[in-house]
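A.B. asks: Position 135 (the sequence shown) corresponds to 135 in this note's numbering; numbering is contiguous.
Supplied in structure tokens, the structure appears directly below.
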Amino acid sequence: MLRAVIQTPLCPLHRAFCQAPGRQLRRIPSCPASRSPALLSCAPWQPGIMAANALKPLIAVCQLTSTPDKEQNFASCSQLIREAAQRGACVVFLPEAFDFIGSDMQETLSLAENLEGAQIQRYAGLARECGVWLSLGGFHERGEDWASTQRIYNCHLLLDPTGHIVATYRKTHLCDVELEGRVSMKESKFTNPGPEIVPPVSTPAGKVGLAICYDLRFPEISLALTQEGAEILTYPSAFTVTTGSAHWEVLLRARAIETQCYVVAAAQTGKNHERRTSYGHTMVVDPWGSVIAQCQEGPGLCYAQIDLGYLRRIRQEMPICTHRRADLYGRVTVLKKPLPP
Numbered sequence: 001m002l003r004a005v006i007q008t009p010l011c012p013l014h015r016a017f018c019q020a021p022g023r024q025l026r027r028i029p030s031c032p033a034s035r036s037p038a039l040l041s042c043a044p045w046q047p048g049i050m051a052a053n054a055l056k057p058l059i060a061v062c063q064l065t066s067t068p069d070k071e072q073n074f075a076s077c078s079q080l081i082r083e084a085a086q087r088g089a090c091v092v093f094l095p096e097a098f099d100f101i102g103s104d105m106q107e108t109l110s111l112a113e114n115l116e117g118a119q120i121q122r123y124a125g126l127a128r129e130c131g132v133w134l135s136l137g138g139f140h141e142r143g144e145d146w147a148s149t150q151r152i153y154n155c156h157l158l159l160d161p162t163g164h165i166v167a168t169y170r171k172t173h174l175c176d177v178e179l180e181g182r183v184s185m186k187e188s189k190f191t192n193p194g195p196e197i198v199p200p201v202s203t204p205a206g207k208v209g210l211a212i213c214y215d216l217r218f219p220e221i222s223l224a225l226t227q228e229g230a231e232i233l234t235y236p237s238a239f240t241v242t243t244g245s246a247h248w249e250v251l252l253r254a255r256a257i258e259t260q261c262y263v264v265a266a267a268q269t270g271k272n273h274e275r276r277t278s279y280g281h282t283m284v285v286d287p288w289g290s291v292i293a294q295c296q297e298g299p300g301l302c303y304a305q306i307d308l309g310y311l312r313r314i315r316q317e318m319p320i321c322t323h324r325r326a327d328l329y330g331r332v333t334v335l336k337k338p339l340p341p
């Protein structure tokens, strides 16, 4: 069972890491014995450190405090991506709104770009420079219908190490929530709902199924992705403190348990602007429902090894998929719909 968990910038890594090629392997001291063996935090970044166990791929999950300042946000993201690459991560996950969080609807619309714009080109360059896959968890996209709708898409992109966009998922469930005196959000005022669920994509860490934030509350999408072969479900998010403190962990763990997938959830944290504070608690959950990596407060990274052998053993010992009663309640499938005119 997977035990290694890493979080920057607190205490040392639990597993052995090696330095850059040609240097000696060295062990980093483990955390104090008083900590749970399943939840360890990690040391500050050190150049040249890579994962020693290549059989279990290492992923890195970013926690950010995006603001309306796109340049500052890119600087923060690029630093974390480079750090993750130095550690040996093969896939780096960024949260929803990694590009920016606008202070109001007008600012959000004005800062949005299309997929051919400068922002995505810079991230493509980072993917090539670092030789990693990038999950860009929620990009404010001006789609092909921008001129007619004046609305954007909340777009989750997956880039390969050549910088090529291999998948684009546009958020299908928009967050329109009114909790009196606590949370007021109406994403549909300026965002178009996505038209389809995108089939999982094969990566060095496993088959990744794409979703975004509010999608977490709808188990149908996770079941559809799992039935299409997903081994990792990712929910890049920007949960509020109110909803995050109540629902974040329990929803992530539920999605992992019911699908027997790894669940990866990069998150926004802290004060994004005067009227917005995000919950944080970036998290990785294993197929048994155990939290194996987590950030607490502030920007940073957590790491986890993906053990697909462990995943397959869980699915074999408790074959939930074959026990489903599609004859009673149907089968959730990935249905593609045409883009609206």
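We treat Cβ as the ideally placed atom computed from N, Cα and C, and that holds for glycine.
Nothing here was measured: the structure is a model prediction, and the numbers come from that model.
Around the Cβ of valine 332, are there at least 16 other Cβ atoms within 10 angstroms (buried) or fewer (exposed)?
C.D. replies: On the sequence shown, position 332 is the one that residue 332 refers to. Its Cβ being crowded by 16 or more others within 10 Å, valine 332 is buried.
A.B. asks: Provide the residue span of the alpha helix (DSSP H) that contains tyrosine 303, from first to last.
C.D. replies: Sequence index remark: in the sequence shown, residue 303 carries index 303 (1-based). Premise fails: tyrosine 303 lies in the beta strand (DSSP E), 300-305, not in any alpha helix (DSSP H).
A.B. asks: Which partner residues of tryptophan 133 appear in the DSSP bridge assignment?
C.D. replies: By 1-based counting over the sequence shown, the position of residue 133 is 133. Answer by DSSP bridge pairing, in chain order: Val91.
A.B. asks: Locate the beta strand (DSSP E) running through leucine 64, then write down its first and last residues.
C.D. replies: Residue 64 sits at position 64 when you count from the first residue of the sequence shown. Leucine 64 -> beta strand (DSSP E) spans 58-64.
A.B. asks: Where are the beta strand (DSSP E) runs, 3 residues long or more, that stay fully inside the segment 134-200, in chain order?
C.D. replies: Those beta strand (DSSP E) runs which fall completely within the segment 134-200 and span 3+ residues are 153-159, 165-170, 176-179 and 183-186.
A.B. asks: Ends of the alpha helix (DSSP H) at glutamine 106?
C.D. replies: Numbered from its first residue, the sequence shown carries residue 106 at position 106. Per DSSP, glutamine 106 belongs to the alpha helix (DSSP H) from 105-111.
A.B. asks: Looking at the strands, I want to know which residues DSSP matches up with arginine 276.
C.D. replies: By one-based count along the sequence shown, residue 276 stands at place 276. His273.
A.B. asks: DSSP three-state call for alanine 293: helix, strand or coil?
C.D. replies: Here residue 293 refers to the residue found at position 293 when the sequence shown is read from its first residue. In the structure shown, alanine 293 sits in a strand (DSSP, three-state: E or B).
A.B. asks: If threonine 234 sits next to alanine 211, beta carbons under 8 Å apart, how far is it from one beta carbon to the other, in whole angstroms?
C.D. replies: For the purposes of this step, residue 234 is identified with residue 234 of the sequence shown, where counting begins at 1. For the purposes of this step, residue 211 is identified with residue 211 of the sequence shown, where counting begins at 1. Sure, about 7 Å apart at Cβ, within 8 Å.
A.B. asks: Could you check if threonine 322 is buried or exposed, using at least 16 other CB atoms within 10 Å of its CB as the buried criterion?
C.D. replies: As a working note, residue 322 is residue 322 in the sequence shown. The residue is exposed, with fewer than 16 neighbouring Cβ atoms inside 10 Å.
A.B. asks: Mind the definition here: the segment 170-178 touches the segment 213-220 only if three or more C-beta pairs lie below 8 Å; say whether that holds.
C.D. replies: Taking 8 Å as the limit for Cβ pairs, the verdict is that the segment 213-220 does touch the segment 170-178.
A.B. asks: My understanding is that leucine 126 touches serine 76, with C-beta atoms under 8 Å, so please give their C-beta distance in whole angstroms.
C.D. replies: For the purposes of this step, residue 126 is taken as residue 126 along the sequence shown, with counting starting at 1. For the purposes of this step, residue 76 is taken as residue 76 along the sequence shown, with counting starting at 1. Leucine 126 to serine 76, Cβ: 12 Å. No contact.
A.B. asks: Just to confirm before moving on: does the CB-CB distance between alanine 238 and serine 278 stay below 8 Å?
C.D. replies: The sequence position of residue 238 within the sequence shown is 238, counting from 1. The sequence position of residue 278 within the sequence shown is 278, counting from 1. For alanine 238 and serine 278, yes; Cβs fall inside 8 Å.
A.B. asks: Taking 8 Å as the cut-off, does the segment 200-209 touch the segment 247-254 (at least 3 CB pairs, one atom from each stretch)?
C.D. replies: Flag = no, the segment 247-254 and the segment 200-209 do not touch.
A.B. asks: Pull up the CB-CB distance for cysteine 130 and isoleucine 81, whole angstroms please, since I reckon it's below 8 Å.
C.D. replies: For the purposes of this step, residue 130 is identified with residue 130 of the sequence shown, where counting begins at 1. For the purposes of this step, residue 81 is identified with residue 81 of the sequence shown, where counting begins at 1. Indeed, because the Cβ distance is near 6 Å, the residues count as touching under 8 Å.
A.B. asks: Please state whether DSSP places valine 263 in a helix, a strand or coil.
C.D. replies: Walking along the sequence shown from the start, residue 263 turns up at place 263. Valine 263 falls in the strand class under three-state DSSP.
A.B. asks: Just verifying my parser: in three-state terms, what is the DSSP assignment at valine 358?
C.D. replies: Residue 358 lies beyond the range of the chain shown here (1 to 341); nothing can be said about it.
A.B. asks: Would aspartate 104 be called buried (16 or more neighbouring beta carbons within 10 Å of its own) or exposed?
C.D. replies: Position 104 of the sequence shown, counted from the start, is the residue given in the question as residue 104. Exposed, because fewer than 16 other Cβ atoms sit within 10 Å of the Cβ of aspartate 104.
A.B. asks: Relative to the alpha-carbon of valine 291, which residue among Phe139, Gly88 and Ala304 has its alpha-carbon at the smallest distance?
C.D. replies: Within the sequence shown, the letter at position 291 stands for residue 291. It is Ala304.
A.B. asks: Give the range of the alpha helix (DSSP H) segment to which threonine 322 is assigned.
C.D. replies: One-based indexing of the sequence shown puts residue 322 at position 322. Note, threonine 322: alpha helix (DSSP H), 320-323.
A.B. asks: Considering only the beta carbon of each residue, do leucine 159 and leucine 136 sit closer than 8 Å?
C.D. replies: Residue mapping note: residue 159 aligns to position 159 of the sequence shown, counting from 1. Residue mapping note: residue 136 aligns to position 136 of the sequence shown, counting from 1. Taking 8 Å as the Cβ cut-off, leucine 159 and leucine 136 qualify as a contacting pair.
A.B. asks: Which stretch, first to last residue, makes up the beta strand (DSSP E) that contains leucine 366?
C.D. replies: Residue 366 lies beyond the residue range present for the chain, which begins at 1 and ends at 341; the question has no answer from this structure.
A.B. asks: Quick check: what's the CA-CA separation for arginine 312 versus aspartate 327?
C.D. replies: As a working mapping, residue 312 is identified with position 312 in the sequence shown. As a working mapping, residue 327 is identified with position 327 in the sequence shown. Rounded to the nearest angstrom, the two C-alpha atoms are 25 Å apart.
A.B. asks: What is the rounded straight-line gap between the Cα of valine 284 and the Cα of valine 334?
C.D. replies: Taking the sequence shown and counting its residues from 1, the one referred to as residue 284 is at position 284. Taking the sequence shown and counting its residues from 1, the one referred to as residue 334 is at position 334. So the alpha carbons of these two residues sit roughly 24 Å apart.
A.B. asks: Determine whether the beta carbon atoms of phenylalanine 98 and glycine 138 lie at a separation below 8 Å.
C.D. replies: For the purposes of this step, residue 98 is taken as residue 98 along the sequence shown, with counting starting at 1. For the purposes of this step, residue 138 is taken as residue 138 along the sequence shown, with counting starting at 1. Cβ distance < 8 Å, so phenylalanine 98 and glycine 138 count as in contact.
A.B. asks: Could you please give me the residues that DSSP links to glutamine 268 through a beta bridge?
C.D. replies: Looking up residue 268 in the sequence shown gives position 268. DSSP, once it has assigned bridges, lists Leu64 as partnering glutamine 268.
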